[in-house]
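S.K.: Got a structure for you, questions after.
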Amino acid sequence: FGLVSCFVLYISEISQSTHSSLSAASLTGTIHALSWGAAFIAATYWGKRNDDKGDSFNNFIYASLICGITIFALIWVSNLWLILVLRLIQG
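In my numbering, the protein residues as written are 1 to 91.
Structure (C-alpha cells):
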C-alpha cells in the first residue's frame, strides 16, 4: 500500500464523508510521510531483533503477518485517524 495511486481516491472519499477541510493530496502525503517515518523507526527494531535472536525467518513472518492484518483492517476503516494508526502500525 506504499505508493498506490488509488489510495488518494480512498482518502478523498473518506475525507468528504468526514467533512475534512484539508485536501486529499495533503492528507495522503501526510499519511504516507508518517508511515514511512514509522517504517524508518521500526527498521531499527527489526534489525536489532534479527541480530540478537538470529532467527530472521520467523521475524519476517511476524512482520508480514502484522502488515497483512493492518492492510486487511483498512477495509473497514471509515475515519482518517484509524487509517493513520493502521499505517503507523504497518510501518
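In this text, a Cβ means the ideal position worked out from N, Cα and C, and glycines have one as well.
On the premise that Ala24 lies in contact with Val8, defined as a C-beta separation below 8 Å, what is that separation, rounded to the nearest angstrom?
M.R.: Going by Cβ atoms, the distance from Val8 to Ala24 rounds to 6 Å, so yes, they are a contact pair.
S.K.: When DSSP labels each residue in this structure, what does Gly47 get in the three-state scheme?
M.R.: Helix, per DSSP.
S.K.: Around the Cβ of Ile66, are there at least 16 other Cβ atoms within 10 angstroms (buried) or fewer (exposed)?
M.R.: Result: exposed.
S.K.: Rounded to whole angstroms, what is the Cα-Cα separation between Ser21 and Ser56?
M.R.: Between Ser21 and Ser56, the C-alpha separation is close to 44 Å.
S.K.: For the alpha helix (DSSP H) containing Leu22, list its first residue and its last residue.
M.R.: It is not in any alpha helix (DSSP H) - Leu22 carries neither H nor E in the DSSP assignment.
S.K.: Can you give the beta carbon distance from Leu80 to Ile14, rounded, assuming they're within the 8 Å contact cut?
M.R.: About 6 Å; that satisfies the 8 Å criterion.
S.K.: Return the chain-ordered list of same chain residues with a C-beta closer than 7 Å to the C-beta of Asn28, the five sequence neighbours on each side being excluded.
M.R.: Looking at the sequence provided, one finds Thr at residue 28 rather than Asn. Around Thr28: Phe7, Val8 and Ile11.
S.K.: What would DSSP say about Asp55, mapped onto helix, strand or coil?
M.R.: Coil at Asp55, not helix or strand.
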